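Heads up: the sequence shown is residues 47 to 249, going by the working numbering.
Ideal placement from N, C-alpha and C gives every residue a C-beta, glycine not left out.
What you are looking at is a predicted structure, and each value in this text was computed from that prediction instead of being measured.
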Amino acid sequence: GKVIKSHHNVGGLPKEMNLKLCEPLKWLFKDEVRRVGRSMGMPEHLITRHPFPGPGLAVRILGAITPEKVRILQEADDIFIRGLRDYKVRLNGEEARSVLSAGVPAQMTDGEIEVSLYGQIWQAGVILMSDIHSVGVMGDERTYENPVALRAVTSSDAMTADWAHLPYDFMAGVSNDIINKVKGVNLVCYDISSKPPSTIEWE
């Protein structure tokens, strides 16, 4: 098949290192790695941690990378991920069984389970569109700052993914927090594209 995009987490070591790689788990997918982790008795908070791009947040900054842009992205991403961890939803019936069978950490009360949004999502993050500026208003002042996009997807294996249907009150709260607390951002978007045709990461 054709190469869809280059991957930042493959390619081995530089040749000048003169080392051989031993990668017995190289061909396992993320969901299979999680099963191995559970069979080894690893802590659930490590197993259910979201995948993270190898180069870090750099692949989530569209445009030139600067310390200021990294700061903006780190602060916005922290608000989004903390919000996902703190926001709890109650599930019962088939939804609850599906979440429990996937190994998502949950608290059981009155026949229902309580789980964080973070636990229901495969991967989430913020993208800084630093080559674009948006006009906004803060107080009596006009602003000309960067938009950010929130990306959250559900998946079982990352080969395909659907955008996460997050609660409106959660989205409104996160959007307000980012705009009011992160200097340099005045617009928040939500990416509602699935994979395919899109990919999980923008770069």
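Practice problem: Tell me the start and end of each unbroken alpha helix (DSSP H) in the region 184-230 that is at least 4 residues and wholly inside, in chain order. | Solution: 214-227
Going by CA-CA distance only, name the one from F126, E158 and D124 that's closest to E140. Your numbering for residue 140 matches position 94 in the sequence shown. Closest by alpha carbon: E158.
Practice task
State yes or no: is the C-beta of L137 within less than 8 Å of the C-beta of L119?
Solution key: Within the sequence shown, numbered from 1, the residue matching residue 137 stands at position 91. Within the sequence shown, numbered from 1, the residue matching residue 119 stands at position 73. No, Cβ-Cβ distance for L137 and L119 is not below 8 Å.
- Item | CA-to-CA distance, Y164 to G182, given in whole angstroms | By 1-based counting over the sequence shown, the position of residue 182 is 136. By 1-based counting over the sequence shown, the position of residue 164 is 118. The alpha-carbon atoms of G182 and Y164 are separated by roughly 30 Å.
Discussion item. Looking at the strands, I want to know which residues DSSP matches up with Y236.
Written reply: Along the sequence shown, one-based indexing puts residue 236 at 190. Y236 is bridged to L196.
I need the boundaries of the beta strand (DSSP E) containing V135, first residue and last residue. In the sequence shown, residue 135 corresponds to position 89, counting from 1. It spans K134 to L137 - the beta strand (DSSP E) in which V135 sits, taken as one unbroken run.
Hey, A204 and W168 are a contact pair by Cβ (cut 8 Å); roughly how many whole angstroms apart? The sequence position of residue 204 within the sequence shown is 158, counting from 1. The sequence position of residue 168 within the sequence shown is 122, counting from 1. Their Cβ separation, rounded to whole angstroms, is 7 Å, which keeps A204 and W168 in contact under 8 Å.
What does the alpha-carbon distance come out to for the pair T206 and R80? The residue labelled residue 206 in the question sits at position 160 within the sequence shown. The residue labelled residue 80 in the question sits at position 34 within the sequence shown. C-alpha separation (whole angstroms): 17 Å.
For S202, collect the residues of the same chain with a Cβ closer than 7 Å to its Cβ; drop the 5 residues on either side in sequence, then sort them by chain order.
Working through the sequence shown from its first residue, we reach residue 202 at position 156. If we look at S202 and ignore the five residues flanking it on each side, its Cβ neighbours are D77.
* Does the distance from the CB of V199 to the CB of D208 come in under 8 Å? -> By 1-based counting over the sequence shown, the position of residue 199 is 153. By 1-based counting over the sequence shown, the position of residue 208 is 162. In this structure, D208 lies closer than 8 Å to V199 by Cβ.
Let me make sure I understand the geometry here. Which of K229, V228, W73 and V234 has the alpha-carbon closest to that of A218? By 1-based counting over the sequence shown, the position of residue 218 is 172. Checked all of K229, V228, W73 and V234; the closest Cα to A218 is V234.
What separation, rounded to the nearest whole angstrom, lies between the Cα atoms of N64 and P70?
Taking the sequence shown and counting its residues from 1, one reaches residue 64 at position 18. Taking the sequence shown and counting its residues from 1, one reaches residue 70 at position 24. Rounded to the nearest angstrom, the two C-alpha atoms are 19 Å apart.
- Query: What separation, rounded to the nearest whole angstrom, lies between the Cα atoms of R131 and I246?
  - Reply: On the sequence shown, residue 131 is found 85 positions in, with the first residue counted as 1. On the sequence shown, residue 246 is found 200 positions in, with the first residue counted as 1. Their Cα atoms are separated by approximately 20 Å.
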